[in-house]
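**Student:** Below is the structure I would like to discuss, written out as structure tokens.
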Amino acid sequence: MDKERKLIIAGNWKMNKTVAEALDLVQGLKRELGAIKEVDLVICPPFTALSEVSKASLDSNIRLGAQNMSEHGGGAYTGEVSALMLKEFSVKYVILGHSERRQYQKESDALVARKAAAAHAMELKPIICVGETLQEREGGLMEKVLETQIRGSLAGLSKEQAVESIVAYEPVWAIDTGKTASTEQAQSAHAFIRSILSGMFDEPAAKRIRIQYGGSVKAANARELMSQADVDGALVGGASLEERSFADIVKNSI
Ligand code: 13P
213 MDKERKLIIA GNWKMNKTVA EALDLVQGLK RELGAIKEVD LVICPPFTAL
263 SEVSKASLDS NIRLGAQNMS EHGGGAYTGE VSALMLKEFS VKYVILGHSE
313 RRQYQKESDA LVARKAAAAH AMELKPIICV GETLQEREGG LMEKVLETQI
363 RGSLAGLSKE QAVESIVAYE PVWAIDTGKT ASTEQAQSAH AFIRSILSGM
413 FDEPAAKRIR IQYGGSVKAA NARELMSQAD VDGALVGGAS LEERSFADIV
463 KNSI
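Below, the structure is given as structure tokens:
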């Protein structure tokens, strides 16, 4: 598939996989996807598996991401993990502001923006998540919600930092529900997000920022979603937990 931007497909393992299970999956992914060069491949295991998964993927085309990090560089923040600590395991990406963290940990756009700045300061690429709930969509508020989240969560980033960031559009109603946005819904939301990015930075910068789609991505719908002009990859939850389904998503996207 000829795309304007290189596709980036990331697996968000969420709170799944012991170290042994994680290592099994990484070995399987290396077998299945070791020859893939057309797509940037990222896996985001839980913190507890980063060390071992890092060693196991070092010699491969699979890059490592974390699922969250602290806005702080270090100190008295019990339970938190800093960007520097992630760098120790060759982590290159970090998911920020996932809707589950916005919902359960009450993360705000302002906090996500501070975390994004902290990530860039350590040369980690943030995957910044946005997305509307079903109630917001049905209430005609989708564009307003997305604009607020984008402006708030990328606030203060320089143009250079913005182009090194990834935005993930994850409609909350499509996460872990089996309901995928239609290709038209995904494309129009992505185009809208890009227009906001263009206003915040400029058009050339907005054209370089990759926007992933997330929400019940599977092998059966990956090709159609990835073929949309403004869909530059996927952030995959459930289907990234098994080598076969993740590998098929990647292969169907090329
Ligand atoms: P599912 O693919 O399980 O719907 O999860 C999407 C997601 O939240 C990825 O971050």
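Taken in order, the sequence shown gives residues 213 to 466; the numbers are from the working numbering. Glycine included, C-beta positions come from ideal geometry on N, C-alpha and C.
(1) If distances are taken between C-alpha atoms only, which option among Gly364, Val379 and Gly343 comes closest to alanine 386?
(2) Helix or strand or just coil, what does DSSP make of glutamine 440?
(3) Skipping 5 residues on each side, what residues in its chain have a beta carbon closer than 6 Å to that of arginine 201?
(4) List the whole-angstrom C-beta distance separating glycine 240 from glutamate 455, where the pair is believed to meet the contact cut-off of C-beta under 8 Å.
(5) Confirm the yes/no value for this check: CB of aspartate 388, any heavy atom of the ligand 13P, distance under 6 Å.
(6) Quick check on DSSP: helix, strand or coil for tyrosine 316?
(7) Are the stretch 310-326 and the stretch 346-359 touching by the rule of at least three beta carbon pairs closer than 8 Å?
(8) Tyrosine 289: buried (16+ other C-beta within 10 angstroms of its C-beta) or exposed?
(9) Can you list, in chain order, the residues of its chain with a C-beta nearer than 6 Å to that of aspartate 214? Leave out the 5 residues immediately preceding and following it.
(10) Taking C-alpha atoms, which residue in Ala261, Ile248, Gly426 and Leu270 lies nearest to glutamine 397?
(11) Take the Cβ of lysine 218 as the centre, count every other Cβ of all protein chains shown within 10 Å, and call the residue buried at 16 or more, exposed below.
(12) By DSSP, does asparagine 280 sit in helix, in strand, or in coil?
(13) Three or more beta-carbon pairs under 8 Å between the stretch 267-282 and the stretch 422-442, yes or no?
(14) Could you check whether arginine 422 and isoleucine 378 sit closer than 7 Å to each other, using their CB atoms as the reference points?
(15) Would you kindly work out how many angstroms separate the C-alpha atoms of aspartate 444 and phenylalanine 413, rounded to a whole number?
**Tutor:** Taking the definition as stated:
(1) For the set Gly364, Val379 and Gly343, the Cα lying nearest the Cα of alanine 386 is the one of Gly343.
(2) coil
(3) Residue 201 lies beyond the residue range present for the chain, which begins at 213 and ends at 466; the question has no answer from this structure.
(4) That belief holds up - the Cβ atoms of glycine 240 and glutamate 455 are roughly 3 Å apart, short of 8 Å.
(5) Proximity of the beta carbon of aspartate 388 to the ligand 13P is indicated: a heavy atom of the ligand is located closer than 6 Å.
(6) Here tyrosine 316 sits in helix by DSSP.
(7) no
(8) Burial call: exposed.
(9) none
(10) Gly426
(11) exposed
(12) coil
(13) no
(14) yes
(15) 19 Å
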